[in-house]
Structure formats: C-alpha cells, structure tokens
Amino acid sequence: MSFRNIITVYRKELLEMLRDKRTLFTTILLPIILYPLIFVGFSSLMSRQSVKLEEKGATIAIADSVNNDTSRELIKGLEGIEFFKYLPYNAASEQLFAEKEIQAIVSITDSLGEDQLRSYKIGVRFDKSDEQGQMLIGKINRSINDSEKKVVEQELRRSGLNPNLLNMVRIAEFDVSTAQKKLGTILGMILPYLLIILLLSGASVVAADLVAGEKERRTLETLLVSSAQRTEIVVGKYLTIITIAMVNVLVNLVSLFFSAKYMASQSGLETAGVSLPLNSFLILFLALIPLATLFAAILLSISTFSRNMKEARSYEQPLLTVSMLLAMISFFPAFEFNNLMALIPIINISLLFKAVMIGDFQISHLLITIGSTLVLDVLAIWATIKLFNSEGVLFRTEDDSSIKSIRSNKRSFFNPYNGLVFFVIALVLLFYLGGSMQKQDLAKGLVQTQILLIALPVLLTLRLLKQNSKEVLRLKAPRLKEIILVPFMAIPAAILVSLLSQLIDHFFPFPSEYLEQLGRLFQMKMPLWQQFLVIAVAPGICEELMFRGFFPRFFEGKSKSTTVWITALLFAAFHLDPFRFVPVFFLGLLLGYLTIRSGSIYNSMLSHTINNGLALVLVSFADKPWMKYLSSGGDALRIWLAIPALIIFSGALYLFHRVSKTEENS
Amino acid sequence: MIEVMNLVKGFPKKDGSTYYAVNDVSFEARDGEIVCLLGVNGAGKTTTMRILSTVFKPISGTARIQGWDIVKDPQKVRENLGFLSGDTGLYNRLRPREFITYFGRLYGLEQRQINQRIDEMADLLDMKDFMDKKIDLLSSGMKQKVSIVRSIIHDPPVMIFDEPTSGLDILTARNIVSFIRSCKERGKCVLFSTHIMREAERLADRIVMIHKGQLLANGTLDDLRAESGASDLDDVFVFYVNRQNQDMELKHNEF
Ligand SMILES: Nc1ncnc2c1ncn2[C@@H]1O[C@H](COP(=O)(O)OP(=O)(O)OP(=O)(O)O)[C@@H](O)[C@H]1O
Ligand SMILES: [Mg+2]
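Top line first, the protein sequences correspond to chains A and B. Counting from 56, one number per residue, gives the positions in the first sequence under our numbering. Counting from 4, one number per residue, gives the positions in the second sequence under our numbering.
Shown next as structure tokens:
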C-alpha cells in the first residue's frame, strides 16, 4: 500500500467534490444560511404567537349553582382575568362549547362534608390539546388559588383564628441548577440527534457518488486498470467521505453556534450569565470522528455493492432510518449510560454527547465507545476491500441484483430467501405464542413451545412439500465411534461456554430481573427426571430438528463452513437474548459442525441434550459437597476447569474430525 | 509481449448455467507488432481484453503480459499495460490535464515526467487547444484522445485498445491509427480490437479472429487470404465463420 497513491486518490476525490455544485450546496452553503433563518424566524414567530394567544383571551360560560358570597367571590376573581369574557351558563352553552365559540365551561357546586363543613368544587371543562385551552386552565387555576386564599382567610378571621395559620407550612425552592446546566440539558437532548443525522446525511451523499457514481459514469474501470491497488483506492475514498462529513458537521456546528449565540443575546439570556459551552462543542466534534469513520466505512461498502447511485441511495435508507431511531435515545431522560450501552454504535455516541453536554462523563465509557466503534470500523473497511476485489460485485449487471436473484432462484424451496422468511416467521411465533404459553405453566409451556412451535412446523412443512424428511433432516444413525466421542466434546464445550458467560457477566453484568427469569427455569417443582426432559431432552430434539436439520438446507451451496456459521447465527438470534448471544452462537457452531460433518443429526441432538442437562446438574447439585471443587457458588464454575476442558475438547474434536471422514468431505 | 493461453471466461445465466463469452482462446502478440482482434458484436473481444487488463479473472487458462501472469501478478501486469476500452470513462468534472496527471501520479510518475509526457502526446494527437477545458464539454473524439493519453501516460511496453476508433470521424480516426503505428515503430506491443475490416487490413500485422467466444483463425493477412482463397477481408471472415458452423454441425451430427 502506497501512502502517496492514497493521497493522490484522496486529493482528486476532494477536488471533484468541490466541483460538484450539489455537494457544495448541501454540505457548506445550506447550513450557513439555514440556522440563522431557523433561529431568527422561529424566535420571532414564537414571541408573536404567545402574545397573540394572550390577547385572544377566552370566552367562558359559568354555571353557579351555589350562588352565595363565596361563589360570588370566586367568580369575581375569575372576572378579573385580563382578556377573558364570561357568559352565564344556559341551554345554548353546550352547543357553543361544541362549536368552540366558548372555550370552557366552569361550574361551581358545593357539598357538606361529614364534619358539616361546606366545600366547593369548581369544574372546568376545556380542551387541553388546544393551545388556548392550556393557556386558560393555567390562568383559571391561579385565579381560583388566589380567591381560595382570600375566602379561607375570611373564614379563619370569622372563627377568631389567626389567618397566618394558612402560611404555616411553605415550600422554599432553591434551584441549584445554573442556567448554564439547564442549557446543557437542552442542548444535550437535541444536539446529539442533530449531529448524528447531519453526519450521516452528509456522508451518504458523498459515499453514493464515490463508487456507485463511478460505476454509473463508467469511470470505475479506468481506475481499476491503473496500477493503483484496490486497498489504496478504498482508503483514499474512505478518507474523502470522512473529511466531507466532518466539514459538513463543522460548518453546521459553527453556524448553529453563532445563530444560537445571536438568539441568546437577543433574548437576554447572554446577559444573565449564560454562555454557550464552546469547549463542549469542541469535544462533541472530536467524539464524532470515530462515528464518522464508521459511517464512512459502511456507506462505502454500500456504495461499492450498488450498481448505481439510485440503488445506493435506496440501500442507504434503512441505515439512515435505524440510525435516526438509535440517535433518538438522547431525547429520553434517565437513560443510563453503562458499559453495555457503550458497546452499541450510535446509541453510545448519542449518550456520550448528552453526558458531555451536562458535564459529567466517565472515561471508561468514552474508551469503550471509541474502541467498539473502531472495531466495527475495521470490519466495515475490510468488507469494503473484499467487495472491491470481487468482480461479481464491481460488474454486477442489471438482472442479477443480488436480492432479486435470491428471490427468483426458485429452483428449489431450499434457498436462502425462503430460509430467512421461515426463520422470521418462527421467531415471531416464538415471541408471541411461546411467551403466552410459558406464562401460565412454565414447564408445560416450554414443552409446548418446543413441540408445537419448533418441531411441528418443520415436520409439517416437509410433509407438505413431499420431501423425504429422513434425508433432509439427516435422521441417519451415527457411527458408534462418533456417538462415543460426542460427550467428550459436549461436556467440555458446555464448561467453556459457561465460563465465557461468566466472563461476559463480569464486564456487562446481567440485570437482576434477567437472572431471576433464568432461575425460574431451574426451580420448577417436579422430579429431576421430568426437569431433565423439559430442559434438556425436548430442546435437544426439537431445536436440533429446526437448526441442524432444517435450516442448513436453506444455506447450502457456498461451503459447509458458511452453512454452519449462518445457522449458528440464526440459532443465537433465535434465543432473543443479547446476553447469551455469544455463548449460544459458539454452541451453535459446535452443533452445526457435528451434524454437517457427520451427516447424522443424532450427534448434535446428544450434544445439545448433554449441554442443557449439565446446567441442570450444576444447579440441582449445587449444595452437594463435591460441587465445591467445581463451582464457586451457584452456577459459577471454577476458572481452572477451562484448561482440562480445552484439552479434552480439542482432543475429542480432532478424533471426531478423523472418524467422521467420509468420501464426500475428505 | 502478450501471451494468451487457453483463456476461458463465463458469466452466470439467469437459469443458473454458465454462458461462455470466451472459450479456450490462445494467441500471442510480440513486441513491435500490431495484432488485431477481429469479431462481430458479442464475439468476446472486450471480455478477452478485460481479462488481460486484470479486471476480470478467467475461469481457467491464463495470460502473460511482458512475462507477468495476469492471475498471479495483476499489479505488475497493470504497471506494464496501457488499457483503453469503451468502459474506461473519463471524470467529467476534471480537465484533461488534471485527469491525465491523476493517472500519471497513480502510476508513480513525477510531476515533471507527467508534464513532459502530456506535452509530447498533445503534440502528437493534436490536442493542445482543449487540454484545459472541462472534460464534460469535449466532443467524443477529443475525449477519446484524452483517454488514449491517459492509458499510456506511463509509457507501457504493452498497449491494449478496445475499438479505439469507434464513433470517430475519419480525420480523428486516421490521427489515432497513425498514432498506433508510431507506437509499433517504437517497439511497443499493440493489441487492438475492431469489427471494421478495413481498419484491420490497414493496421494489423496479424489478425486474430474470434467468433462466439472461440478462436476462428490466427495469422497474417496474407496467410488468411491464401487459406480461404478470398481477397476481400469480409469474405475471408465469412469463410471462417462458415467453416466453424460446419464443424459444429459435423460434431453435432456425430451424436
Ligand atoms: N459482465 C458481464 N456479465 C454477463 N455477461 C457479459 C458480461 N460482459 C459481457 N457479457 C457477455 O459476453 C458476450 C461477449 O461480450 P463482449 O463485450 O466481449 O463482446 P465484444 O466482442 O466486445 O462485442 P462488441 O463488438 O459489441 O463490443 C456477450 O454476449 C455479452 O452479453
Ligand atoms: Mg466490445
């Protein structure tokens, strides 16, 4: 890779972008004029609106069914409100209210309490969804409060009591939040969202142009036949996207900063000792860089994959939508920023921004945020370079747009598209039906889920398609040697996976409700053998039928290992559990390997059953003395177990790989 | 020097089978020689050349450019190759000088060398007055000249031009034809494609005919005339096409 070539590509792309009027307009000109317009226009409009609303007042019908001194006093108070007009309540009032000719109906009623005290109820009917309604209820409330005080004072005086009794308890508010901090809170809510969206939209315009645009204008081949390496081209273009996106954000921030400053000085906030936090703006800008690199890499791979700009823009759309939703997290107050959140792209930056604007953030969150973003970043660039080396992607013709070709590939039912559809349906069923089945009786629900929602659909589908279930699902007897080796893999694997879970728990502690939920599983009141059937045998059979028998058939073709990887991913996703995703994924890899390598699903069924059974054993015998050597309480295994587990597992895996050798896979 | 050895290239068809656009083609072009790849539309000329340019990978077979293998050393191949086809477009937002300089730099040339080459070429191809206009505003002949200069800015020993004169007027075409001749005189190896028989006749030292992805004939104009017994190149071409069809029919009948 030559740095010089990267710079050459980078400089040329920038030059081209600068010559493109559209890019220039959206990234630089638009923000410069937009914010002043929004701010100035908005603020003058706002103040005009509220003045007008005040002056509009309200017309109110009053029904006074008490008509004594007190009620008259209350009405007198109401009548003192500026711009309010009153009508006596009569037959026409309801009609007028419905037509919004009058905006509220106030009724005064009284009642005698147990202690012979007269109390008054003031009913106000109004429309709170209406601005005028919100205004009038505020004013009526204040007026009634004032009047009430007066009336009660009179009453106290009449009974010979000191009217100051009313003021016996009072709240004194001392608001320690400075105006500065309040401003930070508001900016912390809006800015992250705004910046992330700006960043993405700026980057996406450029990215679509850089590769898909070159394909469209037929210049990509010119570049590819030159002696520049693909990696150099990718990196040069990638830097271009980052630069333009960041310039776009910078121009936006500067324009926003000065517009907001202008508005603050106009409204007198500035003189009240509030200043816009310039250094927070700076930190925000810097924190955006990792995100910019991630977006750039993803957008570049989308652009590389697309045949033309239009296609690129349409593939970008889901990314934009998802990012927008994730970025919105800053609008929710009290979203805790923890280590797990710091791992999720966009959400982490959004929350980080908020923390920065309010003025307290943890350095560990910052580091995890940047670190995880960079990891994804490297993955995305690597994918882009891969795409850039794939002639099928670079020279995709009209009719093999990948998604369409998957769909049109109707040669058999077992194609990836149908596989995904089936998976999604199964997932939805599990989520809705499975959840409600397990609500009443957990054990029965679990078994029902396994049989009715997992195994049955698979068997029915195969029956409907007149497929040979035995062959499709690999219901073939395993070799003796294989089945003997399986426990030697399943047990160590279960231990390793469990240790992995512990490790994850260490860094991203499982929420306690989650653990409770999980614990429920092992506290079913039934004999151990029944528990074993529910927890180990049923999933071992049913889930295997679906994930090792059925699904691999949809994703055959590329290579056996791809099939195993994809089904393991689906298997992990199927558990709908972010905390167990990684462990379950590894388990899925092993199970997939066992079946596909040996051609017999019974191997993975046994392995799955042993795996689940082991968890049950650990919990059930937790209080036995010999457990002390293996576990340090609960289901936390001792770490030294990893070493023998790893050794036994590797050995057994090696042997299994040898004995399962067939003509087909040798 | 170009050596093409049993090149095969296919594209997946909609029904999942493969369409062979180039099927077992072998030929070579030596230094100081102009070889013409002759064939009708869709014969597989562009596909063959794209494989040589390393943007496509062959299914089987290979080729060497200046001794470098196109599959194993694509980088070296590109350094030794000037490539031009209908699909190597120009950056419309740049000016010819910027465009050519860009590629010159990617080939590792210094600014001084690039300027010198540009001046030389601009003289030769008569393109002085549009070197600093936007490419967007150029005519197709002007663009083609810019493309040619772009493709050989690094003075490669091997040049591959796919239909270099297509869509150009006679004067511009002659200009380019004589330029290709001058390359040969400087000892370069030139492979160009066309379906215009007259151009092949005028320029080529040797003619490689392909049809439906397969090699029809390979030899000097005189050889081909002698074998086919026709004098007009059109007739020569038709002769070989007919012979291929007969062969295929024969093969077909054997079953
Ligand atoms: N990327 C591709 N994907 C699928 N098929 C292709 C692709 N490129 C070329 N083909 C097919 O390969 C065949 C040969 O095309 P090629 O462009 O090599 O012909 P040619 O000899 O250059 O024709 P012309 O004189 O029209 O330029 C054509 O049938 C074409 O449809
Ligand atoms: Mg062609």
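Just so you know, even glycine gets a beta-carbon here, dropped at the ideal spot from N, CA and C.
Could you confirm whether any beta carbon from chain A is found closer than 8 Å to the beta carbon of Phe-184 (chain B)? One point to set straight first is that residue 184 (chain B) is Arg, not Phe, in the sequence displayed. Closer than 8 Å: no.
Per-residue burial, Ala-623 (chain A) [other beta carbons within 10 Å of its own, 16 or more giving buried]: Result: buried.
From B:Arg-33, B:Leu-128, B:Glu-82, residue whose alpha carbon lies closest to that of Thr-57 (chain B): Closest option to Thr-57 (chain B), judged by alpha-carbon separation, among B:Arg-33, B:Leu-128, B:Glu-82: B:Glu-82.
Beta-carbon contacts of Lys-205 (chain A) that lie in its chain and below 7 Å, excluding the five residues immediately before and after: Closer than 7 Å at the Cβ level, and outside the excluded window around Lys-205 (chain A), lie Glu-128.
Can Ile-48 (chain B) be considered in contact with ligand 2, in the sense that its beta carbon sits closer than 7 Å to one or more heavy atoms? In the sequence on display, residue 48 (chain B) carries Lys and not Ile. Yes, ligand 2 has a heavy atom inside 7 Å of this Cβ.
So is Thr-376 (chain A) buried or exposed if we call it buried at 16+ other beta carbons inside 10 Å? Exposed, because fewer than 16 other Cβ atoms sit within 10 Å of the Cβ of Thr-376 (chain A).
Nearer than 7 Å: is that true of the beta carbon of Ala-24 (chain B) relative to any heavy atom of ligand 1? Yes, ligand 1 has a heavy atom inside 7 Å of this Cβ.
Nearest by alpha-carbon distance to Phe-477 (chain A): which of A:Glu-210, A:Gly-215, A:Leu-517 is it? Comparing alpha-carbon positions, the option among A:Glu-210, A:Gly-215, A:Leu-517 lying closest to Phe-477 (chain A) turns out to be A:Leu-517.
Please list, in chain order, the residues of the segment 73 to 100 of chain A that have any C-beta partner in chain B closer than 7 Å. Taking 7 Å as the Cβ-Cβ cut-off against chain B, the residues of the segment 73 to 100 of chain A that qualify are Arg-74, Asp-75.
Nearest to Ser-99 (chain A) (by Cα), restricted to the options A:Ala-319, A:Ala-263, A:Asp-182, A:Phe-229: Selected option, being the one with the closest Cα: A:Ala-319.
Do you know offhand how far Ile-179 (chain B)'s Cα is from Lys-131 (chain B)'s? Going from the Cα of Ile-179 (chain B) to the Cα of Lys-131 (chain B) covers about 15 Å.
Just by C-beta distance, which residues in the segment 90 to 114 of chain B are closer than 8 Å to chain A? For the segment 90 to 114 of chain B, which is checked against every Cβ of chain A, the residues closer than 8 Å are Asp-90, Thr-91, Gly-92, Leu-93, Tyr-94, Asn-95, Arg-96, Leu-97, Glu-101, Tyr-105, Phe-106, Arg-108, Leu-109, Tyr-110, Gly-111.
How big is the Cα-Cα spacing for Phe-577 (chain A) and Gln-495 (chain A)? Spanning the two alpha carbons is a distance of roughly 16 Å.
Which of the three DSSP states is assigned to His-214 (chain B) in this structure? DSSP places His-214 (chain B) in strand when its eight states are reduced to three.
Examine ligand 2 and report whether any of its heavy atoms sits within less than 7 Å of the Cβ of Glu-166 (chain B). Checking every heavy atom of ligand 2 against the Cβ of Glu-166 (chain B), one is found closer than 7 Å.
If distances are taken between C-alpha atoms only, which option among A:Thr-298, A:Thr-125, A:Asn-219, A:Leu-92 comes closest to Ser-174 (chain A)? Cα-wise, what sits closest to Ser-174 (chain A) is A:Thr-125.
Under 8 Å, with one C-beta from each stretch per pair, do the segment 478 to 497 of chain A and the segment 623 to 638 of chain A reach the 3-pair mark? Touching, per the Cβ criterion.
Use the C-beta contact count for His-157 (chain B): other C-beta atoms within 10 angstroms, 16 or more gives buried, fewer gives exposed. Buried, since its Cβ has 16 or more Cβ neighbours within 10 Å.
Report the partner residues of Leu-40 (chain B) according to the DSSP bridge assignment. Beta-bridge annotation (DSSP): Leu-40 (chain B) is paired with B:Ser-196, B:Val-211.
Length of the line joining the Cα atoms of Ile-103 (chain B) and Thr-51 (chain B): Going from the Cα of Ile-103 (chain B) to the Cα of Thr-51 (chain B) covers about 26 Å.
Residue range of the alpha helix (DSSP H) that Ala-410 (chain A) falls in? Taken as a continuous stretch (DSSP letters only), the alpha helix (DSSP H) holding Ala-410 (chain A) covers 402 to 413.
Short CB-CB distance (under 8 Å) between Phe-626 (chain A) and chain B: Not one beta carbon of chain B lies nearer than 8 Å to the beta carbon of Phe-626 (chain A).
Scan the segment 53 to 69 of chain B for residues whose Cβ lies nearer than 9 Å to a Cβ of chain A and list them as they occur along the chain. Answer set for the segment 53 to 69 of chain B: Arg-53, Ser-56, Thr-57, Val-58, Phe-59, Lys-60.
Beta-carbon within less than 7 Å of Gln-189 (chain A)'s beta-carbon, same chain only, minus the 5 sequence neighbours each way: which residues are those? Short of 7 Å from the beta carbon of Gln-189 (chain A), and not among the five residues preceding or following it, lie these beta carbons of its own chain, in chain order: Lys-183.
Could you confirm whether any beta carbon from chain B is found closer than 8 Å to the beta carbon of Leu-279 (chain A)? Yes, Leu-279 (chain A) counts as interfacial toward chain B.
At 4 residues or longer, and completely inside the segment 283 to 368 of chain A: list those alpha helix (DSSP H) runs for me, N to C. For the segment 283 to 368 of chain A, whole alpha helix (DSSP H) runs of length 4 or above, ordered along the chain, are 285 to 322, 333 to 360.
Pairs of beta-carbons, one from the segment 204 to 214 of chain B and one from the segment 37 to 51 of chain B, closer than 8 Å: are there three or more? Three or more pairs of CB atoms, one per stretch, sit closer than 8 Å, so the segment 204 to 214 of chain B contacts the segment 37 to 51 of chain B.
Range of the contiguous beta strand (DSSP E) that encloses Arg-173 (chain A): It spans 173 to 181 - the beta strand (DSSP E) in which Arg-173 (chain A) sits, taken as one unbroken run.
In its own chain, which residues sit with a C-beta less than 8 Å from the C-beta of Ser-456 (chain A), not counting the 5 before and 5 after it? For Ser-456 (chain A), the pLDDT reaches just 45, beneath the cut-off of 50, and the residue's location in the model is therefore unreliable, although a value from the coordinates is still provided. So the qualifying residues of the chain are Arg-362, Glu-366.
Let me see if you follow: with CB-CB separation under 8 Å, is Asn-60 (chain A) close to chain B or not? Output row for Asn-60 (chain A): interface = yes.
If Leu-449 (chain A) and Leu-275 (chain A) are in contact, beta carbons under 8 Å, what's the gap, nearest whole angstrom? Rounded to whole angstroms, the Cβ separation of Leu-449 (chain A) and Leu-275 (chain A) is 7 Å, and the two are in contact under 8 Å.
Mind listing, in chain order, the continuous beta strand (DSSP E) runs of no fewer than 3 residues lying wholly within the segment 13 to 98 of chain B? Complete beta strand (DSSP E) runs here, min 3: 21 to 32, 37 to 41, 63 to 68, 84 to 87.
Glu-82 (chain B) at chain A interface by Cβ criterion, 8 Å: Yes, contact with chain A.
Does Ala-342 (chain A) come within less than 8 Å of chain B when only Cβ atoms are used? Interface criterion not met: the Cβ of Ala-342 (chain A) is under 8 Å from no Cβ in chain B.
Would you mind telling me which residues of chain B sit closer than 7 Å to Met-310 (chain A), beta carbon to beta carbon, in chain order? Note that residue 310 (chain A) corresponds to Ser in the displayed sequence, not to Met. Here the premise fails: no neighbours, minimum Cβ distance about 26 Å.
Could you round the C-beta distance between Met-4 (chain B) and Cys-186 (chain B) to whole angstroms and report it? I think they count as a contact, below 8 Å. At roughly 14 Å, the Cβ-Cβ gap does not stay under 8 Å, so Met-4 (chain B) and Cys-186 (chain B) are not in contact.
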